[in-house]
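Heads up: the structure comes next, in structure tokens.
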Amino acid sequence: MGNIFRKKNLQDLNGEVSLHAGPEGSSGLHRVLNVKDLTLMGVAAVIGGGIFSTIGSAAYNGGPGVILLFIITAITCGFTALCYAEFASRIPVAGSAYTYSYVSFGEVVAWIIGWALILEYAIGNIVVAISWSAYFNNILHAMGLDLPKWLTVGYQTASNIHDAALATGADVSGLVYTNAPRILGVPFIINLPAFVIVALISMLAYIGIQESKRTANAMVMIKIVVLLLVAVVGFWFIFSNGTSTNWTPFLPNGMGGVLKGVSAVFFAYIGFDAISTTAEECANPQRDLPKGMIYSLIICTVIYIVIALVITGLVNYSEFANVADPLAFVFERINMQKFGFFISVSAVVAATSVLLIFQIGQPRIWMAMSRDGLLPKSFGKVNKKYQTPGFSTVIAGVLVAGLVLFIDDKLVTDLTSIGTLFAFVLVSGGVLLLPRIEKQKGKFSIPYINAQYIFPLIYVLTFYLFQERTINAVVNIGTEGYQEVLFIIFMILAGILAIVSFIKKYSLIPVLGVACCMYLMVEIPAKSWLVFWGWMAFGLSIYLLYGKNNSKLNK
């Protein structure tokens, strides 16, 4: 079993950079991305679903204090982004957390992360595509154009609504499931707009990174302009009409209410991972990748905080229950319907840019896994004409486009959050295992702060703050649910990390990255963990049957 933990070394990986880079016109990827491109790609990936949809539910639970949610999330992501930047500076190869784990923990852990990222990107893009479809259909309706209902929703969603209506004795005669045309007795219900946008985005990702970056950059600039308008108009209305009273109380449901929205918002920060998958397409990855990650994090956090203040100032937080389009909703609520329509159009642009970034990132992870022999060689082939991972891009497009046709739009985003946080924990922990090197000019390096005394002190303080919960969970462990068992596991692992940090004098930033991400993971509902581990078990079986024996490190 020892060989499943075999590792790559940094020298071999840096050799791969030269091997796969190649001159123009070769089989290597096209190196065209600079700091501006990477920053805008990060903003494109992060500013999407979160700010145009989930920010509403987060505001409902947390009130105006939801801005603390974005600060907490940003701090956690900040620790992790610095760790990603450290790895990206040392290992400028496509693959992101997958490649980094290969160096730090070994092959089987790298496979697990790569498998988690596949699930993560796929779910993320399916959810975004369905959201895009909903906004797009709203725009068509406002223009007097309506597609048949059975072409605007997934089969599973329509079936769930129909079953729920039957269960309550409600009338089902007007439902999509009842009125859709039937093939062999089965209702024909598909989400056609979602399918079309995924197909178009996949074609764009196939054509090339140069064209993709231009499109992404243009859409990001549109989003930023729109959000600036929202901020200006929103603050003007708040202070000219005296609605700033909506900011009181600031924490109507306490910090517990604020933290309820962490999982729903956190998945959007996967944009940082998408940036690191383009390492081989950066003109100067050691210098530009770290800057792109940090800059995009700062920009996105500021935007989230400003917009959260605007929407909770315009409308009382209690009105955001079950609101899927909060930005459009608040302006319609204050009788600015035309501006609300403008926001809906912008939401379509936002979702499109997120789809593009995720469809670029997913094939490059497959490409990295294929190069290592863990997936068939076809997944690693680079199209000679467009210099993109052609086969992987097509498969990613088919996978996502196929699922959006019929799948339910109420997918459990907790799964995506678990996958993201799982990757973040291993990347942060991986930095602790890297050999220390002298700072080199032009390369990023995490500033060393000795965690020997600081982190154990933080752990003691955390234990004191959560002592009642910890004691109750331990005393009643036989009757507690899975959620409290997860919390006990977190406290034990954090305690071990504190002891090891004291002994080995670890760097504080990656230690905090590991601890913060582990805590957020245990706050995700336990039932989602069961599904996640089921997916991981399925992936591990593929590794043991194929990847383990075909790995290049096995030859």
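Using the numbering used here, read the sequence shown as starting at 565 and increasing by one per residue.
Think of the CB as a built atom: it goes at the ideal place given N, C-alpha and C, for glycine as much as any other residue.
Status (buried if at least 16 other CB within 10 Å, exposed otherwise) for residue i
{"i": "Y719", "result": "buried"}
{"i": "M605", "result": "buried"}
{"i": "A885", "result": "exposed"}
{"i": "M931", "result": "buried"}
{"i": "W800", "result": "exposed"}
{"i": "A728", "result": "exposed"}
{"i": "V796", "result": "exposed"}
{"i": "Y662", "result": "buried"}
{"i": "G983", "result": "buried"}
{"i": "L967", "result": "buried"}
{"i": "P712", "result": "exposed"}
{"i": "A1198", "result": "Outside the modelled stretch of the chain, which goes from 565 to 1119, sits residue 1198, for which no answer is possible."}
{"i": "Y881", "result": "buried"}
{"i": "A649", "result": "buried"}
{"i": "P1011", "result": "exposed"}
{"i": "L891", "result": "buried"}
{"i": "R1033", "result": "exposed"}
N-terminal and C-terminal residue of the alpha helix (DSSP H) that residue i is part of
{"i": "E684", "result": "E671 to A706"}
{"i": "K902", "result": "Q901 to R935"}
{"i": "G856", "result": "P849 to L878"}
{"i": "T732", "result": "Y719 to T732"}
{"i": "Y950", "result": "Where Y950 is concerned, there is no enclosing alpha helix (DSSP H), given that its DSSP letter is neither H nor E."}
{"i": "V894", "result": "P890 to R897"}
{"i": "A758", "result": "L756 to I771"}
{"i": "N743", "result": "V740 to N743"}
{"i": "T1026", "result": "I1018 to L1029"}
Pairwise C-alpha distance: residue j and residue i
{"i": "A1058", "j": "Y1023", "result": "7 Å"}
{"i": "V962", "j": "Y685", "result": "14 Å"}
{"i": "I635", "j": "L739", "result": "42 Å"}
{"i": "F922", "j": "N1040", "result": "43 Å"}
{"i": "S1115", "j": "F955", "result": "20 Å"}
{"i": "W714", "j": "S695", "result": "16 Å"}
{"i": "N598", "j": "L985", "result": "27 Å"}
{"i": "E588", "j": "M857", "result": "Any reading at E588 must be qualified, since the residue scores a pLDDT of 46, below 50, and its modelled position is unreliable; the value itself is stated next. Using only the alpha carbons, I get a separation of about 26 Å."}
{"i": "V995", "j": "L853", "result": "16 Å"}
{"i": "V610", "j": "G749", "result": "42 Å"}
{"i": "Q1120", "j": "P927", "result": "Residue 1120 lies beyond the range of the chain shown here (565 to 1119); nothing can be said about it."}
{"i": "S665", "j": "P813", "result": "44 Å"}
{"i": "L969", "j": "Y699", "result": "16 Å"}
{"i": "V829", "j": "V1086", "result": "16 Å"}
{"i": "I867", "j": "L873", "result": "10 Å"}
{"i": "G1098", "j": "T721", "result": "23 Å"}
{"i": "L1072", "j": "S992", "result": "11 Å"}
{"i": "F759", "j": "I690", "result": "10 Å"}
{"i": "A744", "j": "S766", "result": "29 Å"}
{"i": "G678", "j": "V879", "result": "42 Å"}
{"i": "P999", "j": "I786", "result": "43 Å"}
{"i": "F1008", "j": "W811", "result": "40 Å"}
{"i": "Y1046", "j": "F1030", "result": "18 Å"}
{"i": "I655", "j": "Q850", "result": "8 Å"}
{"i": "L1108", "j": "R746", "result": "43 Å"}
{"i": "G825", "j": "L633", "result": "7 Å"}
{"i": "G818", "j": "T876", "result": "16 Å"}
{"i": "L730", "j": "T716", "result": "22 Å"}
{"i": "N1014", "j": "K1069", "result": "6 Å"}
Residue nearest to residue i in terms of C-alpha spacing, selected from the options
{"i": "L646", "options": "I862, Y699 and I690", "result": "I862"}
{"i": "S697", "options": "D972, W1093, N1113 and A729", "result": "D972"}
{"i": "S840", "options": "L1117, F988 and P712", "result": "F988"}
{"i": "A680", "options": "L1117, G1111 and L1104", "result": "L1104"}
{"i": "L791", "options": "L633, E671 and I869", "result": "I869"}
{"i": "L621", "options": "K948, D978 and E883", "result": "Rather than Leu, the amino acid found at residue 621 in this sequence is Ser. Minimum Cα distance to S621 is reached at E883."}
{"i": "T977", "options": "W1093, V1049 and C641", "result": "W1093"}
{"i": "V673", "options": "I639, V879 and F569", "result": "F569"}
{"i": "F893", "options": "A608, F616 and L990", "result": "F616"}
{"i": "V784", "options": "C864, K1069, L768 and I929", "result": "C864"}
{"i": "I682", "options": "I929, K572 and G944", "result": "I929"}
{"i": "D710", "options": "T644, E671 and L756", "result": "L756"}
{"i": "I1106", "options": "F651, T807, C641 and W675", "result": "W675"}
{"i": "C641", "options": "V1078, I725 and P816", "result": "V1078"}
{"i": "A782", "options": "T1026, S917, T618 and M900", "result": "S917"}
{"i": "P1020", "options": "V1038, K1005, I1056 and I703", "result": "I1056"}
{"i": "G798", "options": "Y1083, L920 and R897", "result": "R897"}
Within-8 Å CB hit, residue i to chain B
{"i": "I761", "result": "In the structure shown, chain B does not exist; there is a single protein chain."}
Problem set entry | alpha helix (DSSP H) segments (min. 4 residues) lying fully within the stretch 1039-1089 | 1046-1068 and 1072-1086, all fully within the stretch 1039-1089.
Problem set entry | Whole runs of the beta strand (DSSP E) within the stretch 961-1013, excluding any shorter than 3 residues | The stretch 961-1013 contains no whole beta strand (DSSP E) run of 3 or more residues.
For this session: Taking only runs that begin and end inside the stretch 600-668, name each unbroken alpha helix (DSSP H) of 4 or more residues, in chain order.
Result: The DSSP assignment places 619-626, 630-654 and 661-668 as complete runs of the alpha helix (DSSP H) inside the stretch 600-668, in order along the chain (cut-off: 4 residues).
Exercise. Can you list, in chain order, the stretches of the alpha helix (DSSP H) that have 4 or more residues and sit fully within the stretch 791-837?
Worked result: Taking 4 residues as the shortest admissible run, the stretch 791-837 contains the following complete alpha helix (DSSP H) segments, listed from N- to C-terminal end: 818-823 and 826-830.
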